[in-house]
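Just below is one structure, and these are the notes that go with it.
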Amino acid sequence: MDPHEITEAVKSLVKEGKIKSFGVSNFNKSQYDLLSKCLVCDKLHITLNQLEVSPYTLDAIEDGTINYMYKDDVKIMSWSPLAGGKLFDLEDEKTARITAIISPLAQKYNVTTTAIIMSWLKKHPASIMPVLGTQKINRIDEALQGMAITLTDQEWFDIYTASLGHDIP
Numbered sequence: 001m002d003p004h005e006i007t008e009a010v011k012s013l014v015k016e017g018k019i020k021s022f023g024v025s026n027f028n029k030s031q032y033d034l035l036s037k038c039l040v041c042d043k044l045h046i047t048l049n050q051l052e053v054s055p056y057t058l059d060a061i062e063d064g065t066i067n068y069m070y071k072d073d074v075k076i077m078s079w080s081p082l083a084g085g086k087l088f089d090l091e092d093e094k095t096a097r098i099t100a101i102i103s104p105l106a107q108k109y110n111v112t113t114t115a116i117i118m119s120w121l122k123k124h125p126a127s128i129m130p131v132l133g134t135q136k137i138n139r140i141d142e143a144l145q146g147m148a149i150t151l152t153d154q155e156w157f158d159i160y161t162a163s164l165g166h167d168i169p
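At position 153 of the sequence shown (counting the first as 1) the number is 153 in UniProt numbering, and the numbers step up by one without a gap.
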């Protein structure tokens, strides 16, 4: 990645009125810092980082990437919020732990497990926005149901620790 080349391209697109803001995908902290350092000289900034994050895939939470972006007001979008279907593979040990928490919550809130997963993303302080890779209306409706409910802090952490497979010290 050449941060100067990207900065020039973004600057040109802004000047031409083609974009007002821009985001990146899968940037870690050092990539973000490198590009941001060049952008700030031209009063530009990254507004969004699209990361793989779900109750199954916690890497961006665990390594601090999401918090790092959050401190700079960079919005987070989650690609693969359902972990590419892994969250529905009940033979997977990790999925079984997560489902043992999510299923009763779905019953409690009278929604689907997909809705609970979307609510879990929204509950994070960064208010993670899901990107659904579906054309199925019912899957979109289920996701929207998740935006209408708010999990408690305890429910959020129950899902989180189920994914980790251990309590948080």
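Backbone N, C-alpha and C define an ideal beta-carbon position, used for all residues, glycine too.
Separation of residue j from residue i, as counted between CA atoms
| i | j | result |
| --- | --- | --- |
| A83 | K18 | 33 Å |
| I137 | K15 | 38 Å |
| K71 | V131 | 22 Å |
| K11 | A60 | 28 Å |
| residue 170 | K86 | No statement about residue 170 is possible, as the shown extent of the chain runs from 1 to 169 and does not include it. |
| T156 | G146 | Correcting the residue identity first, residue 156 is Trp in this sequence and not Thr. So the alpha carbons of these two residues sit roughly 13 Å apart. |
| G23 | T150 | 27 Å |
| residue 188 | T57 | Outside the displayed span of the chain (1 to 169) sits residue 188, for which this structure offers no information. |
| P125 | A9 | 32 Å |
| T7 | L121 | 31 Å |
| T113 | P3 | 41 Å |
| P169 | E62 | 14 Å |
| Y32 | S21 | 15 Å |
| residue 171 | S127 | No answer is possible for residue 171: it lies beyond the span of the chain, which begins at 1 and ends at 169. |
| D158 | E5 | 44 Å |
| S78 | T95 | 18 Å |
| I116 | R97 | 15 Å |
DSSP bridge partner residues for residue i (one or two, in chain order)
| i | result |
| --- | --- |
| G23 | L48 |
| P130 | S78 |
Classification of residue i by the beta-carbon crowding that lies within 10 angstroms, buried from 16 upward
| i | result |
| --- | --- |
| V74 | buried |
| K123 | buried |
| D153 | exposed |
| V167 | The sequence shown places Asp at residue 167, rather than the Val named in the question. It is exposed - the Cβ of D167 has fewer than 16 other Cβ atoms within 10 Å. |
| T65 | buried |
| A69 | Strictly speaking, residue 69 in this sequence is Met, with Ala absent from that position. Buried: at least 16 other Cβ atoms inside 10 Å. |
| L90 | exposed |
Enclosing alpha helix (DSSP H) for residue i [first to last residue]
| i | result |
| --- | --- |
| S103 | 93-109 |
| Y56 | Careful: Y56 lies outside any alpha helix (DSSP H) and carries neither H nor E. |
| H166 | Looking at the DSSP string, H166 is not in any alpha helix (DSSP H), and its letter there is neither H nor E. |
| K123 | 113-123 |
| E142 | 137-147 |
| K18 | Premise fails: K18 is in no alpha helix (DSSP H) and is neither H nor E. |
| C38 | 29-40 |
| K86 | Where K86 is concerned, there is no enclosing alpha helix (DSSP H), given that its DSSP letter is neither H nor E. |
| T65 | 65-71 |
Worksheet item: Do three or more CB pairs link the region 92-106 to the region 148-162 at distances below 8 Å?
Response: yes
Worksheet item: Should the region 11-31 be regarded as contacting the region 40-54, the criterion being three or more beta carbon pairs within less than 8 Å?
Response: yes
Worksheet item: Hey, is the region 29-41 in contact with the region 139-155, meaning 3+ C-beta pairs nearer than 8 Å?
Response: no
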